[in-house]
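Protein chains in written order, with our numbering: chain A, 380 to 627; chain B, 380 to 627.
2 protein chains.
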Amino acid sequence: MNFQRRKQIILEKLNIKGEVDIKQMAQELDISEITIRRDLNQLAGDGLLYRTHGGAMKVDPLQVPHDFINKAAKNVEAKDKICRAAANQINHGDIIFMDCGSTVFRLCQFIKNKKIKVITNSIPVVYELHNSLVSLNIIGGEFDAERQAVHGRIANEHIARYKASKAFLGADGISRNGLFANSELEADITQAFAAHSEKTFLLCDDSKIGKEGYLKFAEFTLINAIITNSKSDELAYLKKQGVEVIGV
Amino acid sequence: MNFQRRKQIILEKLNIKGEVDIKQMAQELDISEITIRRDLNQLAGDGLLYRTHGGAMKVDPLQVPHDFINKAAKNVEAKDKICRAAANQINHGDIIFMDCGSTVFRLCQFIKNKKIKVITNSIPVVYELHNSLVSLNIIGGEFDAERQAVHGRIANEHIARYKASKAFLGADGISRNGLFANSELEADITQAFAAHSEKTFLLCDDSKIGKEGYLKFAEFTLINAIITNSKSDELAYLKKQGVEVIGV
DNA sequence: TCGATATTGATTATTTTTGAACAAATTAAA
DNA sequence: TTTAATTTGTTCAAAAATAATCAATATCGA
């Protein structure tokens, strides 16, 4: 049993189980513990794994930034229901826009096995989908650390080069008076996404329906459908005005 | 039993079993161990197998060629020295291009505290710098999972919108005959970077100097400076031709 | 046939790999 | 916090594999 073979076995096991134990590994391969330890140290030096006391852990080069996960973690059950419904709207071969909202981010887990093309300005979405079946197109431009996403004029022009079949977007609020955003950057890119997709879905939980925020940037007719867990009366109005409402 | 015949047998066995053992092989073919060893070394030199202690393993064409982590981890000490020297070339307020090479990636750790703007097509670079003092500009376009980076026409056009003060790039090889790349995608984007920066630095360890790879994509005059740990004679020639050589 | 070249094998020195022993460092438990 | 157990790094030694050198054999072209 040479080093290369052991290296293969170790990395394979790491990939499957996420971690390995020196004692256990030594027994399995019928080889001394110190040899395994040396192997792990070498692999760790090569950046192929993280060394721990008594073993090693898998290294994932592209981990989702923690601050983003935390934000996305609010209202999880509602958001997951919404995203599952959104995923149902996506078909094989679709080209979809995804923006940098926390709800939209959670959509990733439901579309990893779909053969579609995703065009996005959200780096966490890129991380989440970067080794999935999804083909990715990244929107270029200035990176906004706060939103973990790309915004600005260049980004808008990038979007304008494409035509997507569907767009899945977030917003800070929606009411009969229009769509609301927290910043001009988000407003601009949302408009660009909507303008260049055939059908625009707004993903928002009940806290956003009827809410009117800092900046009104468009009429509610900008979007074609709302996917939400809300039962608000405002929805009935929007529905009457021609907006498709998909409840979850 | 001549070499050709043994080569056939060895490669066939590798294909079936995945690995061969010198002792075992010598016995089977009734031939001395050193001959088998010589055979394996020659085949390894041709890239037909991986040499191990006491034998050889099959090369997996799907693995390795661009596996980012694997590459980034090779020759770490040399690369870190090169990157430290590269970081010394960067001043407050600079606007720099960084490509998706494994050496360039290691530059990140040395520039996190600099107030500069980085324009890059490499997602690992984005991840590494996303909460640092560095202001990021992400190059848009189709994401290539193998290289963890964005390439293609759209990316090139994106680059053309900017003018950087310095570009830090990698290459698969450089010699008096020109610059060499592993793929057209990499070649194109390297040229775009170089064309739109005032000064272009090539970061490469000694394994790349004098090497001529798969695709020649430009004359060596495309770059202005080389940062390397190599002492090769080829460097003296490049220096005489006007390329700045920064040794580490 | 002869000589030049390439291939193979034997021998020896060097390097690499592996394991054992023990002190130092780290983690877990009291 | 102190103590006990575990893990780790270091040093050394044995075994295995390798490279280097040289001699023997085979192959090829003239």
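Cβ coordinates follow ideal geometry from the N, Cα and C atoms, glycine included.
Only a predicted model underlies this, so the values are computations on that prediction, with no experimental measurement involved.
Item: Note down, in chain order, every chain A residue with its Cβ under 7 Å from the Cβ of Leu-515 of chain B.; Value: Phe-522
Item: I'd like the span of the alpha helix (DSSP H) that includes Glu-563 of chain A, first residue to last.; Value: 563 to 574
Item: Which whole-angstrom value describes the C-beta separation of Gly-519 of chain A and Gly-519 of chain B, a residue pair presumed to lie in contact below a C-beta threshold of 8 Å?; Value: 2 Å
Item: Determine whether the Cβ of His-537 of chain B lies closer than 8 Å to any Cβ atom of chain A.; Value: yes
Item: Can the beta-carbon of Phe-547 of chain B be found closer than 8 Å to that of Phe-476 of chain B?; Value: yes
Item: Gly-552 of chain B and Lys-590 of chain B look like a contact to me (Cβ under 8 Å); what is the Cβ gap, rounded to whole Å?; Value: 3 Å
Item: If you follow the alpha helix (DSSP H) that Gly-424 of chain B is part of, which residue opens it and which one closes it?; Value: 412 to 424
Item: Report the residue from A:Val-438, A:Thr-431, A:Ile-413 and A:Ser-411 whose alpha carbon sits nearest the alpha carbon of Ile-395 of chain A.; Value: A:Val-438
Item: Should the stretch 464 to 480 of chain B be regarded as contacting the stretch 494 to 509 of chain B, the criterion being three or more beta carbon pairs within less than 8 Å?; Value: yes
Item: Which ranges would you report for the alpha helix (DSSP H) in the stretch 494 to 520 of chain B if only whole runs of at least 4 residues count?; Value: 502 to 508
Item: Strictly under 8 Å for the Cβ-Cβ distance: is Tyr-616 of chain B near chain A by that measure?; Value: no
Item: Is there a C-beta anywhere in chain B that falls below 8 Å from the one on Phe-382 of chain A?; Value: yes
Item: Can you confirm whether Gly-592 of chain A, when its beta carbon is compared against all beta carbons of chain B, has any partner nearer than 8 Å?; Value: no
Item: Taking only beta carbons into account, state which residues of the stretch 539 to 551 of chain B come closer than 8 Å to chain A, listed in chain order.; Value: Arg-540
Item: Closer than 7 Å by C-beta to Arg-485 of chain B: which residues in its own chain qualify, once you throw out the five before and the five after it? Chain order, please.; Value: Ala-451, Lys-458, Asp-459 and Cys-462
Item: To which residues of the same chain is Asp-400 of chain A closer than 7 Å at the C-beta, ignoring the five residues directly before and after it?; Value: Gly-433 and Gly-434
Item: Pick out whichever of B:His-509, B:Ala-465 and B:Ala-571 has its Cα sitting closest to the Cα of Leu-581 of chain B.; Value: B:Ala-465
Item: Any beta-carbon of chain A closer than 8 Å to the one on Met-436 of chain B?; Value: yes
Item: What is the DSSP secondary structure of Met-477 of chain A, counted as helix, strand or coil?; Value: strand
Item: Give a yes or no on contact between the stretch 588 to 602 of chain A and the stretch 508 to 515 of chain A, applying the rule of three or more CB pairs nearer than 8 Å.; Value: no
Item: Closer than 8 Å, CB to CB, is Gly-433 of chain B near chain A or not?; Value: yes
Item: Can you tell me whether Thr-499 of chain A sits near the ligand NAP, meaning its C-beta is under 7 Å from at least one heavy atom of the ligand?; Value: As far as ligands go, the structure on display features none, and thus does not contain the ligand NAP.
Item: Helix, strand or coil: how does DSSP classify Glu-623 of chain A here?; Value: strand
Item: Short of 8 Å in beta carbon distance, which residues of its chain neighbour Asn-454 of chain A, apart from the five on each side in sequence? Order them along the chain.; Value: Asp-584 and Ser-586
Item: Applying the criterion that 16 or more other CB atoms from any shown protein chain within 10 Å of the CB defines a buried residue, is Phe-596 of chain B buried or exposed?; Value: buried
Item: With a cut-off of 8 Å, does the C-beta of Ile-389 of chain B fall near any C-beta of chain A?; Value: no
Item: Taking C-alpha atoms, which residue in A:Val-504, A:Gly-397, A:Val-483 and A:Tyr-541 lies nearest to Thr-607 of chain A?; Value: A:Val-483
Item: Who pairs with Ala-597 of chain B in a beta bridge, going by DSSP?; Value: B:Leu-558
Item: Report buried or exposed for Ser-576 of chain A, applying the criterion of at least 16 other Cβ atoms within 10 angstroms of its Cβ.; Value: buried
Item: Would you report the Cα separation of Ile-388 of chain B and Lys-542 of chain A, rounded to the nearest angstrom?; Value: 55 Å
Item: Kindly indicate which residue of B:Phe-572, B:Arg-430 and B:Tyr-506 has the alpha-carbon position closest to the one of Ala-550 of chain B.; Value: B:Phe-572
Item: Verify whether the separation of the beta carbon atoms of Arg-555 of chain B and Tyr-616 of chain B is less than 8 Å.; Value: yes
Item: Does the beta carbon of Ile-474 of chain A come closer than 8 Å to any beta carbon on chain B?; Value: no
Item: In chain B, which residues lie with their C-beta within 8 Å of the C-beta of Ile-502 of chain A?; Value: Ile-502, Val-505, Tyr-506, His-509 and Ile-517
Item: Where do the ends of the alpha helix (DSSP H) carrying Asp-459 of chain A lie?; Value: 455 to 467
Item: So with CB distances below 9 Å, who are the chain A contacts of Glu-398 of chain B?; Value: Asn-381, Gln-383 and Arg-384
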